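Here the structure is laid out as structure tokens; the discussion comes afterwards.
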Amino acid sequence: MMQPENSPEFSSLYQFILAGNGGFPAVQSHCGSISSFNPMEVDVLEFTDDHHKSEGRALAASENHKEAERRRRQRINAHLHKLRALLLCNSKTDKASLLGKVVERVRELKQQTSEIMQLDQTTLIPSESDEIAVMQKHDSMNGKSVVIRASVCCEDRVDLIPELIEILKPLDLRPLRAEIATLGGRIKNVIHVLGGENQTADETALCLKDALETMVSRSCVAGERSKRRRMFDHHNIIG
Numbered sequence: 004m005m006q007p008e009n010s011p012e013f014s015s016l017y018q019f020i021l022a023g024n025g026g027f028p029a030v031q032s033h034c035g036s037i038s039s040f041n042p043m044e045v046d047v048l049e050f051t052d053d054h055h056k057s058e059g060r061a062l063a064a065s066e067n068h069k070e071a072e073r074r075r076r077q078r079i080n081a082h083l084h085k086l087r088a089l090l091l092c093n094s095k096t097d098k099a100s101l102l103g104k105v106v107e108r109v110r111e112l113k114q115q116t117s118e119i120m121q122l123d124q125t126t127l128i129p130s131e132s133d134e135i136a137v138m139q140k141h142d143s144m145n146g147k148s149v150v151i152r153a154s155v156c157c158e159d160r161v162d163l164i165p166e167l168i169e170i171l172k173p174l175d176l177r178p179l180r181a182e183i184a185t186l187g188g189r190i191k192n193v194i195h196v197l198g199g200e201n202q203t204a205d206e207t208a209l210c211l212k213d214a215l216e217t218m219v220s221r222s223c224v225a226g227e228r229s230k231r232r233r234m235f236d237h238h239n240i241i242g
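Under this note's numbering, residues 4 to 242 are what the sequence shown spells out, in order.
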């Protein structure tokens, strides 16, 4: 039978539990003092660590960007230095003026290429007669060097090309392009060369033409010998 809450026995029991810890002896801790645990402190520590890592990554990215930008500027400056050297510009020439000169030079080169291509439209088939043609185009950048197109048609012989190479060497000419066609014992050479700065354009063209005429004259002699040999062989076969 349960006692009512307001009974004297229930009140005495309640007071006894509060005063004596429920009648059980107090448990003594043998581990020393127990520190309090606060979950909020762990969250703050984790946030601080993540913040430091994020700052480290941002700093590394900034350093990488600065290094990449430094290398990019070095490459640009190296290219600008090469352009100044090619166009014979002063080292103090600003970038805008330098780029303007580059555009102008590219246009001139395109014009020269177009003119050369127009000259190349002429037939490359060797003709029956000996021909020598020398045309020149001044280099407008320095007024000294010149682009020369030389066309030679003559009798073919074994040592013709080596002789042509030997002609170009002492004239300080740099070969740019060469085309060769042969037909029926005849040969046609079309060469494009860049003149040096030691001679004027007219002097270079004249020296080249004289050397080519000498070469063609040798080919004529060789051609006459070849014709006589062919006629002699033909006569012996018929006889």
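Positions of the beta carbon are idealized from the N, C-alpha and C atoms, including for glycine. Computed from a prediction, not measured in an experiment: that's the story for all the values here.
Between the CA atoms of T203 and S100 - distance to the nearest angstrom: 29 Å
message: For G25 and E58, what's the separation of their Cα atoms in angstroms?
response: Confidence in G25 is poor, its pLDDT being 46 and thus under 50, which makes the residue's placement unreliable; the coordinate value appears in the next sentence. In a straight line, the C-alpha of G25 is about 57 Å away from that of E58.
query: How long is the line joining the alpha carbons of Q114 and V106, rounded to whole angstroms?
result: 13 Å
message: Please tell me whether V155 and I168 are closer than 8 Å, where the distance is taken between their beta carbons.
response: no
- prompt: Which same chain residues, not among the five before or five after C157, have their C-beta less than 6 Å away from its C-beta?
  reply: D133, V219, S222
Burial state of R189 (16 or more Cβ within 10 Å): buried
- request: Just mark T207 as buried or exposed, buried being the case when its beta carbon has 16 or more other beta carbons within 10 Å.
  value: buried
- request: Would you please state the rounded distance, in angstroms, between the beta carbons of K149 and L211? I believe it to be under 8 Å.
  value: In the sequence as displayed, the identity of residue 149 is Val instead of Lys. Incorrect: roughly 11 Å between the Cβ atoms, too far for contact.
field: DSSP three-state assignment for N192, whether helix, strand or coil
entry: strand
field: Alpha-carbon spacing of V193 relative to K104, whole angstroms
entry: 32 Å
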